[in-house]
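Q: Residue numbers for the sequence shown follow our numbering, beginning at 172 and rising by one.
Ideal Cβ placement from N, Cα and C applies to all residues, glycine included.
What follows is a single structure, and I will ask about it in a moment.
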Amino acid sequence: MMNRFKKLSLLIILFLLLGLVLAACTSGETEAPAAEPAAEEAMEEEAMEEEPAAEEAMEEEAMEEEPAAEEPAAEEAMEEEAMAEFEPTSVAAENCDYGGKISSIESIDELTVQFNLCKPDPAFLAKVAFTPFGIQPAEWLAETGGTGELLEHPIGTGPYMVEEWVRGDSVIYKRFDDYWGDPAFAETAVLRWNQEGAARLVELQAGTVDMITAVSPDDFDAVEADPNLVLLPNASPNILYLGMTNTFPPFDNQMVRQAIAMGIDRQRIVDNFYPAGSEVASHFTPCSIPAGCEGDAWYDFDPEAARALLAEAGFPDGFETSIYFRDVFRSYLPEPSIVAVEFQTQLRDNLGIEAEVVVMESGEFIAESTDGNLDGLYLLGWGADYPHVTNFLDFHFGVNNPQFGDPFPEIYEPLETASQIADSAVAAPLYEEANNAIRDLVPMVPIAHGASADAALASLGNAYVPPFGATQFYKLDPGKDTLVYMQNNEPISLYCADETDGESLRPCQQVVETLLEYGDDSGETHPELATECVGNEDATVWTCTLREGVLFHDGSHLDANDVVASWAVGIDAANPNHVGNTGGFDYFSYLWDGLINAPSE
């Protein structure tokens, strides 16, 4: 039994040992599989954390390496911001009953300006290229109040900017290095003046100036014979006339005016005082202008008929008066003082009229004649601003011009109708009617269409004289740092929105630009500040698109509001900056048939 017990005990011990071994084995087998998923999960989580970080790092690196991908978006944002800040402006008439052509001018967006007209204007494109309609910053017009410093220091977009106006001596220009177009050849341009044609030529011959205007007729041959000089014919149409004001007696008498028209030997004046190529005027407008010479030619010289007519008017022995003029050389009046004496002599000998010759300062003469304040006869003329008959007839004989006294409806009514007709053949009968009325009513006596020429050093590159507008200094190449140009007289002011004188318009044109410009050898218009101006079918709405990236001389950017402001100052008499030099803004009034909000007379 003892043996069985021992055997049983041994079996129990073996069983327990086996259980312990199995337990140990079981415990080891269950832990190992549990550890593997934990490790895999940890690795997966680590990978998941590392992969986005790597991708983000790669994306950031790519963004740093490719900044150009962001630029369009940035530019678009800036453009959108600029567009959001732009606030369109406008100037508008209450209605078109005021009689003018401008209904409104408005900026559509930064680079678009729209002109809405009360009536068609086929000459719109030719007019907007004219210097008085140049563009300056709206802020500068407001800051100066439309006068003061503005008269001496225009801020434009042109190739030159004004550095200094030395009164009585010169205007000095500096090249504008941020000009949008071709840069000026000379860094500095100097505009000088001298009233004497001989003195201008002496300076040119001495080489102290590079180019001069208006060579005296007696000097044409001398210039052509000098190998160091070149004569530059001026093809600009023009007219010299003997003016009268019908609100002063005896010029309120039509027969007196007709007698003077017959009593002047115009051919003698042209033959003796004008260069070859000049001609006696058959009409007020030169015949080179389409429709300019419709209707009957002017009176022939007939002193006997003139004296008889003067006697019939109540002046058998003539009368006393004055002949006013300014001693400034013009293509239409090359020898002012000599020609004035010739008129004095003819009036006395042919008509018994005693006329005192009175020379006036240029600015005063222009202002007084323009306003119709001269009580005698006067010598004045006109050079074409743009190639259309309206430039000659509408300006001088329109309903708003008091120059010759009370305007004649027999003249201005057909002119107003004709100015709205694009087809010159259709308009021709109306211009015939107006020209015949001018001949009958004699608001003035047309004398001559003068030939003229400028001159330059033969060494001056690109020297030219355009038929419309002024020579652009930046196109002239003197082969040195400074260009010196000499004209006939000192400017009246440099704010040409309110000037009509050529000696003022020329210096303005170097600085201030217009929407369009004339060609160097024709009156055709080309883009300047506007890339295009497009009209609707009946020429009553004109939309102009501005050139991008144009800078003014003060560093500001050109936009459509500057165009509106520059036009508003001139066309709206109620504009707070409608001040200028004289306050007349004559070209705005005459070329657009009147000012918005013009004060009642």
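1) Just verifying my parser: in three-state terms, what is the DSSP assignment at Asn287?
2) Considering only the beta carbon of each residue, do Pro580 and Gly569 sit closer than 9 Å?
3) Quick one, which of Asp691, Leu612, Ile618 has its alpha-carbon nearest Asn633's?
4) How about Gly621 and Ala641: are their beta carbons less than 9 Å apart?
5) Run through DSSP, which three-state label would Arg718 get?
6) In terms of residue numbering, what span does the alpha helix (DSSP H) encompassing Glu314 cover?
7) According to DSSP, simplified to helix, strand and coil, what is Thr653?
8) Taking Trp763 and Lys272 to be in contact with their CB atoms under 8 Å, please state how far apart those CB atoms are, rounded to whole angstroms.
9) Just list the alpha helix (DSSP H) runs in the stretch 476 to 555, keeping only unbroken ones of 4 residues or longer that don't cross its boundaries, in chain order.
10) Got a sec, what are the start and stop residues for the beta strand (DSSP E) Trp763 sits in?
11) Within 10 Å of its beta-carbon, does Glu236 have 16 or more other beta-carbons around it, so buried, or fewer, so exposed?
12) With DSSP as the reference, label Asn633 as helix, strand or coil.
13) Can you give the Cα-Cα distance for His697 and Ile326, rounded to whole angstroms?
14) Just list the residues that DSSP pairs Ser261 with in beta bridges.
15) Specify whether the stretch 476 to 496 and the stretch 516 to 527 touch according to this definition: at least 3 beta carbon pairs, one from each stretch, less than 8 Å apart.
16) Check whether the Cβ atoms of Phe536 and Tyr503 lie closer than 9 Å to each other.
17) Looking at Trp469 and Val616, is the spacing between their C-beta atoms short of 9 Å?
18) Cβ atoms of Leu717 and Phe262: under 9 Å apart, would you say?
19) Would you kindly check if the distance between the Cβ of Gly720 and the Cβ of His728 is under 9 Å?
20) Count the other CB atoms within 10 Å of the CB of Arg338; is the residue buried (16 or more) or exposed (fewer)?
21) So what does Cys704 bridge to, in DSSP terms?
22) Quick one, are the C-beta atoms of Asn562 and Ala300 less than 9 Å apart?
23) Please identify the residue among Phe639, Gln366, Glu684, Ala476 whose C-alpha is closest to the C-alpha of Pro404.
24) Since I believe Pro408 is in contact with His457 (beta carbons under 8 Å), could you give me their beta-carbon distance rounded to a whole number of angstroms?
25) Look up Val451 in the DSSP assignment and give the residues it is bridged to.
26) Quick check on the burial criterion: 16 or more other C-beta atoms within 10 angstroms. Buried or exposed for Thr416?
27) Going by DSSP, what residue range makes up the beta strand (DSSP E) through Leu676?
28) Helix or strand or just coil, what does DSSP make of Asn571?
29) Kindly indicate which residue of Asp467, Leu321, Met332 has the alpha-carbon position closest to the one of Tyr602.
30) If I measure Cβ to Cβ from Ser341 and keep anything under 7 Å in the same chain, skipping five residues before and after, which residues do I get?
31) In three-state DSSP terms, what is Asn746?
32) Taking Phe514 and Leu413 to be in contact with their CB atoms under 8 Å, please state how far apart those CB atoms are, rounded to whole angstroms.
33) Within a Cβ cutoff of 7 Å, which residues of the same chain sit near Pro223, ignoring the five residues on either side of it in sequence?
34) Taking three-plus beta-carbon pairs below 8 Å as touching, is the stretch 304 to 314 in contact with the stretch 730 to 740?
35) Here's the rule I'm using: 16 or more other beta-carbon atoms within 10 Å means buried, otherwise exposed. How should Ala368 be labelled?
A: According to the structure shown:
1) For the purposes of this step, residue 287 is taken as the residue at position 116 of the sequence shown. Asn287: strand per DSSP, three-state reduction.
2) As a working note, residue 580 is residue 409 in the sequence shown. As a working note, residue 569 is residue 398 in the sequence shown. No. Outside cutoff.
3) The residue you call residue 633 lines up with position 462 of the sequence shown. Looking only at Asp691, Leu612, Ile618, the smallest Cα-Cα distance to Asn633 is reached by Asp691.
4) Start at 1 with the first residue of the sequence shown, and residue 621 comes out as number 450. Start at 1 with the first residue of the sequence shown, and residue 641 comes out as number 470. For Gly621 and Ala641, no; Cβs fall outside 9 Å.
5) Working through the sequence shown from its first residue, we reach residue 718 at position 547. In this structure, Arg718 counts as coil in the three-state DSSP scheme.
6) The sequence position of residue 314 within the sequence shown is 143, counting from 1. Residues 309 to 315.
7) Along the sequence shown, one-based indexing puts residue 653 at 482. Strand, per DSSP.
8) Here residue 763 is taken as the residue at index 592 of the sequence shown, counted from 1. Here residue 272 is taken as the residue at index 101 of the sequence shown, counted from 1. Contact holds; Cβ gap of about 5 Å.
9) DSSP runs (the alpha helix (DSSP H)) wholly in the stretch 476 to 555: 507 to 517, 533 to 541.
10) Mapped onto the sequence shown, residue 763 falls at position 592. Where Trp763 is concerned, there is no enclosing beta strand (DSSP E), given that its DSSP letter is neither H nor E.
11) Here residue 236 refers to the residue found at position 65 when the sequence shown is read from its first residue. Low per-residue confidence applies at Glu236: pLDDT is 42, beneath 50, and the placement is therefore not dependable enough to give any value.
12) Here residue 633 is taken as the residue at index 462 of the sequence shown, counted from 1. Correct three-state label for Asn633: coil.
13) One-based indexing of the sequence shown puts residue 697 at position 526. One-based indexing of the sequence shown puts residue 326 at position 155. Each residue's Cα considered, the two are about 22 Å apart.
14) Stepping through the sequence shown from its first residue, residue 261 is reached at position 90. As a beta-bridge residue in DSSP terms, Ser261 pairs with Glu277.
15) These segments touch.
16) Taking the first residue of the sequence shown as 1, we reach residue 536 at position 365. Taking the first residue of the sequence shown as 1, we reach residue 503 at position 332. Cβ distance not < 9 Å, so Phe536 and Tyr503 don't count as in contact.
17) Taking the first residue of the sequence shown as 1, we reach residue 616 at position 445. Taking the first residue of the sequence shown as 1, we reach residue 469 at position 298. Yes. Within cutoff.
18) The sequence position of residue 262 within the sequence shown is 91, counting from 1. The sequence position of residue 717 within the sequence shown is 546, counting from 1. For clarity, residue 262 is Val in the given sequence; the question names Phe instead. Cβ distance not < 9 Å, so Val262 and Leu717 don't count as in contact.
19) By one-based count along the sequence shown, residue 728 stands at place 557. By one-based count along the sequence shown, residue 720 stands at place 549. Result yes, Cβ atoms of His728 and Gly720 sit closer than 9 Å.
20) Counting from one through the sequence shown, the residue named residue 338 turns up at place 167. In summary, Arg338 is exposed, with fewer than 16 beta-carbon neighbours lying within 10 Å of its beta-carbon over all protein chains present.
21) Residue 704 sits at position 533 when you count from the first residue of the sequence shown. DSSP, once it has assigned bridges, lists Cys715 as partnering Cys704.
22) Here residue 562 refers to the residue found at position 391 of the sequence shown. Here residue 300 refers to the residue found at position 129 of the sequence shown. Between Asn562 and Ala300, the gap from beta carbon to beta carbon reaches 9 Å or more.
23) Indexing the sequence shown from 1 puts residue 404 at position 233. Per the Cα distances, Phe639.
24) Here the question's residue 457 lines up with position 286 in the sequence shown. Here the question's residue 408 lines up with position 237 in the sequence shown. A quick correction: the sequence has Pro, not His, at residue 457. In this structure Pro457 touches Pro408 by the C-beta definition: roughly 4 Å separates them, less than 8 Å.
25) Start at 1 with the first residue of the sequence shown, and residue 451 comes out as number 280. According to DSSP, Val451 bridges with Ala619.
26) Residue 416 sits at position 245 when you count from the first residue of the sequence shown. Thr416 is buried by the Cβ-count criterion.
27) Taking the first residue of the sequence shown as 1, we reach residue 676 at position 505. Run containing Leu676: none in the beta strand (DSSP E); it sits in the alpha helix (DSSP H), 673 to 680.
28) If you number the sequence shown from 1, residue 571 lands on position 400. When secondary structure is reduced to three states using DSSP, Asn571 falls in the coil class, being assigned neither helix nor strand.
29) The residue labelled residue 602 in the question sits at position 431 within the sequence shown. Minimum Cα-Cα distance from Tyr602 among the listed residues Asp467, Leu321, Met332 corresponds to Asp467.
30) The residue given as residue 341 occupies position 170 in the sequence shown. Result list for Ser341: Val361, Leu362, Arg363, in chain order.
31) Residue 746 sits at position 575 when you count from the first residue of the sequence shown. Note: Asn746 maps to coil in three-state DSSP.
32) Numbered from 1 along the sequence shown, position 343 holds the residue referred to as residue 514. Numbered from 1 along the sequence shown, position 242 holds the residue referred to as residue 413. About 7 Å separates the Cβ atoms of Phe514 and Leu413, confirming a contact at the 8 Å cut-off.
33) Residue numbering aside, residue 223 sits at position 52 when the sequence shown is read from its first letter. With a pLDDT of 44 at Pro223, under the threshold of 50, the modelled position of that residue is not reliable, and the figure given next carries that caveat. Closer than 7 Å at the Cβ level, and outside the excluded window around Pro223, lies no residue.
34) By the Cβ criterion, the stretch 304 to 314 is in contact with the stretch 730 to 740, since at least three pairs of Cβ atoms, one from each stretch, lie closer than 8 Å.
35) Stepping through the sequence shown from its first residue, residue 368 is reached at position 197. The amino acid occupying residue 368 in the given sequence is Gly; Ala does not appear at that position. Buried, because 16 or more other Cβ atoms sit within 10 Å of the Cβ of Gly368.
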